[in-house]
Structure formats: structure tokens, C-alpha cells
Amino acid sequence: MVDTLVCSETELADGKMRLIQAGQAEIAVIRKDGRYYAYENLCPHQGGPACEGVLMPAVRDVIGAGGIYRGQQFDEAEMHIVCPWHGYEFRLSDGRHAVASGLGLRRFEAFVREGSVYVRA
Ligand code: FES
956 MVDTLVCSET ELADGKMRLI QAGQAEIAVI RKDGRYYAYE NLCPHQGGPA
1006 CEGVLMPAVR DVIGAGGIYR GQQFDEAEMH IVCPWHGYEF RLSDGRHAVA
1056 SGLGLRRFEA FVREGSVYVR A
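Read in order, the letters of the sequence shown correspond to residues 956 to 1076 in this note's numbering.
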């Protein structure tokens, strides 16, 4: 395992992403709510640049009394990375597909040391 410098903490704003090359892998490092996440920028569906899509809250159906559909709303507690090629959604928290948990992004450790962000790969 090698620690690769991504950038200083001040260079990565909340909700933003940085791409780095670490060996053979292109890795996206995402900062959200003070935490850092790192995933290979490679969608398990058809190889698209999964992490270059939007980062958005999960969308939940709202079901009212009697099972009546009342529309949809965002769930800010669960952020998703949406692959730009065909819209597969992966949970930011662990990289797993939002529905098919057997599918997911390859995860790496991201951490801060002395004011700089690193990825261990
Ligand atoms: S390649 Fe990512 S959704 Fe198809």
C-alpha cells in the first residue's frame, strides 16, 4: 500500500471531487460533510467514469395512508454518486449500488495528515 497525496484540505471544498492516478487506478476523492471518501472512477456496469456524475441525495417515494403514492422527496441522509453513463447510483458512504448491494465501486482509504488529503492504494 502506498499513500498518495491528493491535495491540501483547503483545495477540496465540501461536496467536491478530485481525481488522482494511483498506480493503475484512477481514484476519485470526495469530501462531504467533513469526511473523505475514495472510490475507483470505474463503474461496474459498463466501465463508465462513475464518480464524474452528480452527487445527490437519494430519492424516496412518499407513501401515505392506505398505501397511496404521494410523490417523492430527497433523503439528505443518504448521498448517492450517480454514474453519468446510465444513471446507476452508488451510496457515498460505502460505494455499494443503491439497490443491488452486490454491485459496487472499489473503495480506498482516504485520510487527512497534517492538513493534506491522502489516499492509500
Ligand atoms: S457505465 Fe455506469 S451506469 Fe452504465
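For glycine and all other residues, C-beta sits at the position ideal for the given N, C-alpha and C.
query                                                                                                         : result
CB contact flag (Thr959, Val1074, <9 Å)                                                                       : yes
Any non-hydrogen atom of the ligand FES within 8 Å of Lys1043 CB                                              : Just to set this straight, residue 1043 is Tyr in the shown sequence, not Lys. Because some heavy atom of the ligand FES lies under 8 Å away, the Cβ of Tyr1043 counts as near it: yes.
Cutoff 8 Å; reference Val957; Cβ partners in own chain excluding five residues on either side                 : Ala977, Gly978, Arg1075, Ala1076
Extent of the continuous beta strand (DSSP E) to which Ala1032 belongs                                        : 1024-1037
Whole-number beta carbon distance between Cys998 and Val1072, since they are thought to touch under 8 Å       : Val1072 to Cys998, Cβ: 23 Å. No contact.
Outcome for Glu995 when other beta-carbon atoms lying within 10 angstroms are tallied against a minimum of 16 : buried
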